[in-house]
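Q: Numbering (the working numbering), first residue to last: 766 to 881.
Before I ask anything, here is the structure I am working with.
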Amino acid sequence: MSETILFLPDQKKFEVKPGTTILQAALKSGIHLGHKCGGRGACLTCKVKIDDNSAVSQPTKSELQKLGKNLIKAGTRLGCQTKVLKRLKVEVPEEPLKAAIRKQLAKQKNESIWDD
Ligand code: FES
């Protein structure tokens with residue numbers, strides 16, 4: 766049995782076994798997600814935003830210490846600590862330069878529709 770994980774903003778879907786961490790899923794899928802501390806819950810470079818806290822494991826001690834209950838409640842989680850249990854959307858923070866390029870390309874694509 767597997768569950769679907771959708772990574773945004775890339776809009777890439779993958780099937781993962783329940784219990785796989787978001788970081789493991791990202792690395793297997795070729796999604797860039799930072800992990801400076803190697804998944805020990807110490808660096809926060811794997812921080813992501815999820816759409817459904819009921820679709821993942823309970824927050825770990827390090828998530829509670831590093832993020833706090835309010836951020837976790839709002840969907841911010843550490844990818845290395847959070848296990849996928851059900852179908853899930855995960856928003857991976859984009860580097861500012863990559864975000865600017867993606868927005869510009871989307872804008873050009875929309876403009877070219879009207880140019881014809
Ligand atoms: S990889 Fe460092 S906190 Fe998750």
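Note that the Cβ used here is the ideal one computed from N, Cα and C, for glycine as well.
If you're wondering where the values come from, they're calculated on a predicted model, not measured in any experiment.
The alpha helix (DSSP H) spanning LEU829 covers which residue range?
A: 826-831
Q: Roughly how far, in whole angstroms, is the beta-carbon of LYS812 from the beta-carbon of LEU843, given that I think they are within contact range, below 8 Å?
A: 6 Å
Q: Which of helix, strand or coil does DSSP assign to LEU836?
A: helix
Q: Given this structure, state the Cα-to-Cα distance separating GLN789 from LEU832, to the nearest angstrom.
A: 20 Å
Q: Do CYS845 and THR785 count as a contact pair if the criterion is CB distance below 7 Å?
A: no
Q: VAL855: which of HIS800, ARG867, VAL821 sits nearest, CA to CA?
A: VAL821
Q: Closer than 5 Å is what we want: which residues have a beta carbon that near any heavy atom of the ligand FES? List them in chain order.
A: HIS800, CYS802, GLY804, GLY806, CYS808, CYS811, LEU843, CYS845
Q: Got a sec, what are the start and stop residues for the alpha helix (DSSP H) LYS777 sits in?
A: Note, LYS777: premise wrong, no alpha helix (DSSP H); beta strand (DSSP E) at 777-781.
Q: Would you kindly report the start and end of the unbroken alpha helix (DSSP H) that includes CYS787?
A: Note on identity: in this sequence residue 787 is Ile, with Cys being the wrong assignment. Looking at the DSSP string, the run of the alpha helix (DSSP H) that includes ILE787 is 787-794.
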